[in-house]
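This report concerns only the one structure given below.
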Amino acid sequence: TLVQRAYNFNAGPSALPLAVLEKAQQELIDFRGTGMSVMELSHRSAAYEEVHNNAIALLKELLSIPENYEVLFLQGGGSLQFSMVPMNFLKPGEKAGYIMSGSWSEKAFSEAKLFGDAYHVASTKEGQYRRVPQIDELKYNPTDAYIHLTSNNTIYGTQWKEFPDTGDVPLIADMSSDILSKPFDVSKFSLIYAGAQKNLGPSGVTVAIIRKDLLEKANPNIPAMLKYSTHSKNNSLYNTPPTFGIYMLGEVLNWIKETGGINELAKRNEEKAKLIYDAIDQSNGFYIGHAEVESRSLMNITFRVKDEELEKKFLTEAKNEGFIGVNGHRSVGGCRASTYNAVPFETCKAFSEFMVKFQNENR
Ligand code: PLP
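If you read the sequence shown in our numbering, its first letter stands for residue -10, the second for the next number, and so on.
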């Protein structure tokens, strides 16, 4: 292809696969002979329903989602999930445990406090969130309404390698920034949610994967739109869903399937992240990784340059060389390369070479 694509390391919304964009472009004005764009189809039409149901089926297939789970398409982003989770599942007199591994866990926790008794199961805040808690640090009650964790900490660049087994206590995970990046066992979780705009598609659609028995335990006295059961009873067609976003999500899932599925993506993500972590590790302290090695994220690589002036220069030069989105999150500063599924190997390679070159020119 002759299209000049940016070296896009944005943390979200982030890169989409070129093949998906090209297909969407081709189908934009006349979607499969309808004479309409997907955007113009009724959400009650057969043509749209096929798009919708295909996306659900593909997600079930790619993640091997067991029969007793439902896939929902919601709106309001990961942030509305922070509120919907306690609104539905934290009742008076109950406790909910939050595992604190970064800013997004903090946001989720503060929403839970509005609805009930939420507490910290463990926190790595004291060490500037350089790692995720270890499984044996998790102290919770067997009677808790649920335990909540963030699978990948987009801002600090840490990620769980292995998830805890919470037995009868429902485990709920915010997987906004690493869903579909590597295989994991869905059956460990009662609810998984993810805003689409990093690994799944454009912003505007949020995926929830929920175990059916949890639906029945939900608080009935909440607004219809904020109840998981409303969406599950209506196959996520209770109201007008973000149809174009769901179409794009389905096409991203198709691309993942054609690429070889989640195991192949995991392999590629390891290779991509290694290029950049190697540049950090082989820099003799010129670049300083934020995350402890065992907690390093394959999706968001966070680091500093050894002094502040050089860091400014690094970020300016990176920008001039066409690397987009390398500034760390505004709350923590530093540098961050987000290497989500759709970021090509070549983009990561070019960046790691730039890091080495910059070091050689500025040591
Ligand atoms: N959770 C995580 C892990 C995130 O990285 C983000 C956004 O970057 C959010 C939640 C918030 O998502 P949204 O902007 O879709 O509300």
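In this text, a Cβ means the ideal position worked out from N, Cα and C, and glycines have one as well.
Within the chosen limit of 8 Å, ligand 1 does not reach the beta carbon of residue 35 with any heavy atom. Taking C-beta atoms as the reference points, residue 289 and residue 166 count as a pair closer than 9 Å.
For residue 197, DSSP records a beta bridge to 61, 182.
With 6 Å as the limit, the residues whose C-beta approaches any heavy atom of ligand 1 more closely are 1, 66, 67, 68, 93, 139, 143, 163, 165, 166, 184, in sequence along the chain. Contact check for residue 347 and residue 306: beta-carbon distance about 6 Å, within the 8 Å limit, so the pair qualifies.
In the DSSP assignment, residue 169 forms no beta bridge with any residue.
Counted as a single uninterrupted DSSP element, the beta strand (DSSP E) harbouring residue 138 occupies residues 135 to 139. Considering only 133, 138, 260, the residue with the shortest C-alpha distance to residue 122 is 138. Residue 86 places its beta carbon 9 Å or farther from that of residue 73. Taking 9 Å as the cut-off, the beta carbon of residue 274 is found closer than this to the beta carbon of residue 295. Annotation: residue 240 to residue 215 spans about 27 Å, alpha carbon to alpha carbon. Within its own chain, the residues whose Cβ lies closer than 6 Å to the Cβ of residue 58, once the five positions on either side in sequence are excluded, are 198, 200, listed in chain order. In the three-state scheme derived from DSSP, where H, G and I count as helix and E and B as strand, residue 299 is classed as helix. In this structure, the alpha-carbon of residue 264 lies about 34 Å from that of residue 45. Only residues of its own chain outside the window of five on either side were considered, and among them 176 have a CB closer than 6 Å to the CB of residue 55, listed in chain order.
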